[in-house]
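Novice: So for the sequence shown, my numbering puts the first residue at 945; every next one is plus one. The C-beta atom is built at its ideal place from N, Cα and C for all residues, glycine as well.
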Amino acid sequence: MRLRKKRVKPMQINDITIIDDSKLKKAITAAALGNAMEWFDFGVYGFVAFALGQVFFPGADPGIQMIAALATFSVPFLVRPLGGLFFGALGDKFGRQKVLSVTIIIMSVSTFCIGLIPGYATIGIWAPILLLLAKLAQGFSVGGEYTGAAIFVAEYSPDRKRGFLGSWLDFGSIAGFILGAGVVVLISSIVGETNFLEWGWRIPFFIAAPLGLIGIYLRHALEETPTFQQHVDKIDSDSRKDIAEPPKVSFREILTKQWKPLIVCVGMVIATNVTYYMLLTYMPSYLSHSLHYSEDHGVLIIIAIMVGMLFVQPFMGLLSDRFGRKPFVLIGSVGLFILAIPCFILINSGVVGLIFAGLLILAVLLNCFIGVMASTLPAMFPTHIRYSALAIAFNISVLIAGLTPTIAAWLVEATGNLYMPAYYLMVVAIIGLVTGIFMKETANRPLKGATPAASDRAEAKEILQEHHDNIEQKIEDIDAQIVELEAKRKNLIAQHPDID
């Protein structure tokens, strides 16, 4: 049977997607706001863990109360992979925009409900059970939230600005954390410690309702991403041409055919999120409970650190568009391994300036990871399985990373060694280093399975010219190889004239 060669049509200017700037801004705002809301809850939960321990786990030792409250934070990560599988499959089938609208509804409702749960003194064992159920609902929705938002921004971004624009997603994370922490500090200072323990801790969770309504409005008004829309249009076009619809990709096929990018994704998320949870979720409790540092001062230091991270975050993304994503993962990993112990020496010094310096160094290293994560992860997988594959890898990784506050608190309590969190970070740094070595560079390149994307027509012309120059260079390289092979052939014949 003769196989017909499929002629490849040279890329033209119209093959390059021009991203509408106004739609792009709306997409980034809507994605970042949802992410901010997710981390608003994390920030609130981390900063009121001491209050939740007393309200939902009374009678226990203060150390056990803290571990129990943080364990309630960690357990929902068990259902995140299930949420990732569920929403990932929906996102690849029905689109990113629809799924993101659903996840923010579930997230805002479950966060609001935490503020309604009576304490242990009122309903007994049902209090921690209801708290856990609300956290499980959060975990299920968050399983599709970050990955969907990262994909949404990546598929809307021009290739040359994906790092900078993607960095605003985690800018939203930090901003949400700051808002959550700031709200806790503000309410606590207004109502006093006694009233805060009785009812004031509920107020931050009630704020999720208006934030959720704003997020739902913004996401509902968005259009589908250009990349996914191209994918849908291609399927429709193939259907009209009587070409069979591409077979559905199963979970098993994703694991067998995409195992390399899956492993890289898992490594990067573990390195990033363990550092994230250690610094922003566990450290407030570490400062107040383990170091017996003033709770108000400890919270203010963490908030100041996060404000500094806001300024560094977009700068990291911008630099990654110029120098690549890979160098930042390597720098962050090596820095974390070398500086983890020195940072904790500073943190344990008891001197405010040195505590701030130790936390600031960890924060900058964290920025190296989160500055490039949202732009790197979606670029690892092709369009038709991007949501499913990324959700699987991301949420398996977060399942491990989410245990960080609980494990760190338990290690310190069990060993009495205040440097256990530093050793924990060093192990994670090795994972990040191996990941950085094996990851492929994705900066300034189209997403897998997508056409190039540009900010305007002038940039599209530059991309087209670069494409043609690359083709010409490849042709020249092939011609040179042919000449070299021909010379070797002639030399071989001259040396062995008996060869036919």
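Note down, in chain order, each residue of its chain lying with its Cβ closer than 7 Å to the Cβ of E1137, except the 5 sequence neighbours on either side.
Specialist: Within the sequence shown, residue 1137 is the residue found at index 193, counting from 1. Once the five neighbours on either side are set aside, E1137 has no close Cβ partner at all.
Novice: Closest to V1127 by CA distance: which of E1420, A975, A1353 and V988 is it?
Specialist: In the sequence shown, counting from the first residue as 1, residue 1127 sits at position 183. Checking every option, the nearest Cα to that of V1127 belongs to V988.
Novice: Contact defined as beta carbons within less than 8 Å: I believe T1462 pairs with S1085. What is the distance between those atoms, to the nearest angstrom?
Specialist: No statement about residue 1462 is possible, as the shown extent of the chain runs from 945 to 1444 and does not include it.
Novice: My output table needs one value for I1214: the three-state DSSP class, helix, strand or coil.
Specialist: For this step, residue 1214 is matched to residue 270 along the sequence shown. Helix, per DSSP.
Novice: Please work out which residues of its chain come closer than 8 Å, Cβ to Cβ, to K949, disregarding the five sequence neighbours upstream and downstream, and give them in chain order.
Specialist: What you label residue 949 is simply residue 5 of the sequence shown in a count that begins at 1. Its pLDDT being 46, under 50, K949 is placed unreliably in this model, and the value from its coordinates should be taken loosely. Excluding sequence neighbours, K949 sits near nothing in its chain.
Novice: According to DSSP, is A1397 part of a helix, a strand, or is it coil?
Specialist: Here residue 1397 is taken as the residue at index 453 of the sequence shown, counted from 1. Strand.
Novice: Please name the residue in I1314, I1049 and K1178 whose C-alpha comes closest to that of T1327.
Specialist: On the sequence shown, residue 1327 is found 383 positions in, with the first residue counted as 1. Measuring from the Cα of T1327, the nearest candidate turns out to be K1178.
Novice: If L1113 sits next to A1352, beta carbons under 8 Å apart, how far is it from one beta carbon to the other, in whole angstroms?
Specialist: On the sequence shown, position 169 is the one that residue 1113 refers to. On the sequence shown, position 408 is the one that residue 1352 refers to. Contact flag wrong, Cβ pair sits at about 26 Å.
Novice: Given a cut-off of 9 Å on the beta-carbon distance, is the pair H1241 and V1296 in contact?
Specialist: Your numbering for residue 1241 matches position 297 in the sequence shown. Your numbering for residue 1296 matches position 352 in the sequence shown. Cβ distance < 9 Å, so H1241 and V1296 count as in contact.
Novice: Using the Cα positions of I1207 and C1057, report the straight-line distance between them to the nearest angstrom.
Specialist: Here residue 1207 is taken as the residue at index 263 of the sequence shown, counted from 1. Here residue 1057 is taken as the residue at index 113 of the sequence shown, counted from 1. Near 36 Å, if we compare the C-alpha coordinates of C1057 and I1207.
Novice: Using the Cα positions of G1059 and T1200, report the straight-line distance between them to the nearest angstrom.
Specialist: In the sequence shown, residue 1059 corresponds to position 115, counting from 1. In the sequence shown, residue 1200 corresponds to position 256, counting from 1. When rounded, the distance between both Cα atoms is 43 Å.
Novice: Which value, in whole angstroms, describes the spacing of the CA atoms of N1139 and Q1082?
Specialist: Here residue 1139 is taken as the residue at index 195 of the sequence shown, counted from 1. Here residue 1082 is taken as the residue at index 138 of the sequence shown, counted from 1. Near 27 Å, if we compare the C-alpha coordinates of Q1082 and N1139.
Novice: Less than 9 Å between the C-beta atoms of A980 and F1096, yes or no?
Specialist: For the purposes of this step, residue 980 is taken as residue 36 along the sequence shown, with counting starting at 1. For the purposes of this step, residue 1096 is taken as residue 152 along the sequence shown, with counting starting at 1. Cβ atoms of A980 and F1096: not closer than 9 Å.
Novice: Here's the rule: buried if 16 or more other CB atoms are within 10 angstroms of the residue's CB, otherwise exposed. What is V1176?
Specialist: Numbered from 1 along the sequence shown, position 232 holds the residue referred to as residue 1176. Classification of V1176: exposed, given that the 10 Å Cβ count is below 16.
Novice: Return the CA-CA distance between L1321 and L1334, expressed in angstroms with no decimal places.
Specialist: On the sequence shown, position 377 is the one that residue 1321 refers to. On the sequence shown, position 390 is the one that residue 1334 refers to. Their Cα atoms are separated by approximately 7 Å.
Novice: On the DSSP letters alone, give me the boundaries of the alpha helix (DSSP H) that T1386 sits inside.
Specialist: Here residue 1386 refers to the residue found at position 442 of the sequence shown. Neither: T1386 is in no alpha helix (DSSP H) and is coded neither H nor E.
Novice: Only counting the same chain, and skipping five residues up and downstream in sequence, which positions put a Cβ closer than 6 Å to that of I1275?
Specialist: Position 331 of the sequence shown holds residue 1275. Excluding sequence neighbours, I1275 sits near C1312.
Novice: Measuring alpha carbon to alpha carbon, tell me which of G1294, G1211, A975 and M1212 ends up nearest I1245.
Specialist: Counted from its first residue, the sequence shown places residue 1245 at position 301. Nearest of G1294, G1211, A975 and M1212 to I1245, Cα basis: G1294.
Novice: Looking only at C-alpha atoms, which of L1141, Y1090 and L1109 sits nearest to P1002?
Specialist: In the sequence shown, the residue the question calls residue 1002 occupies position 58. Closest option to P1002, Cα to Cα, is L1141.
Novice: What's the call for P1410, buried or exposed, on a 16-neighbour Cβ count within 10 Å?
Specialist: Here residue 1410 refers to the residue found at position 466 of the sequence shown. Just to set this straight, residue 1410 is Glu in the shown sequence, not Pro. E1410 is exposed by the Cβ-count criterion.
Novice: Taking a contact to mean a Cβ-Cβ separation below 9 Å, would you say F1338 touches T1091 in this structure?
Specialist: To locate residue 1338, count along the sequence shown from 1; it is residue 394. To locate residue 1091, count along the sequence shown from 1; it is residue 147. Yes.
Novice: Please state the DSSP three-state secondary structure of T961.
Specialist: Taking the sequence shown and counting its residues from 1, one reaches residue 961 at position 17. Strand, per DSSP.
Novice: If you run the structure through DSSP and keep just helix, strand and coil, what is W983?
Specialist: Position 39 of the sequence shown, counted from the start, is the residue given in the question as residue 983. Helix at W983.
Novice: Among K1405, F1108, G1116 and T1225, which residue has its Cα nearest to the Cα of E1089?
Specialist: As a working mapping, residue 1089 is identified with position 145 in the sequence shown. Of K1405, F1108, G1116 and T1225, the residue nearest in Cα terms is G1116.
Novice: In whole angstroms, give me the CA-to-CA distance for K1384 and I1422.
Specialist: Within the sequence shown, residue 1384 is the residue found at index 440, counting from 1. Within the sequence shown, residue 1422 is the residue found at index 478, counting from 1. The alpha-carbon atoms of K1384 and I1422 are separated by roughly 24 Å.
Novice: Mapping the DSSP letters down to three states, classify T1169 as helix, strand or coil.
Specialist: Here the question's residue 1169 lines up with position 225 in the sequence shown. In the structure shown, T1169 sits in coil (DSSP, three-state: anything other than H, G, I, E or B).
Novice: Can you tell me whether Q998 is buried or exposed, with buried defined as 16 or more other CB within 10 angstroms of its CB?
Specialist: Residue 998 sits at position 54 when you count from the first residue of the sequence shown. Buried: at least 16 other Cβ atoms inside 10 Å.
Novice: Restricting to Cα atoms, I'd like to know which of Q1417, I1069 and I962 is closest to T1169.
Specialist: Locating residue 1169 in the sequence shown gives position 225, where the first residue counts as 1. It is I962.
Novice: Roughly how many angstroms separate the alpha carbons of F1259 and G1315, rounded to a whole number?
Specialist: Translated into positions along the sequence shown, residue 1259 becomes position 315. Translated into positions along the sequence shown, residue 1315 becomes position 371. Taking the straight line from one Cα to the other gives about 8 Å.
Novice: Assuming T1327 is part of the alpha helix (DSSP H), what are its boundary residues?
Specialist: Mapped onto the sequence shown, residue 1327 falls at position 383. It is not in any alpha helix (DSSP H) - T1327 carries neither H nor E in the DSSP assignment.
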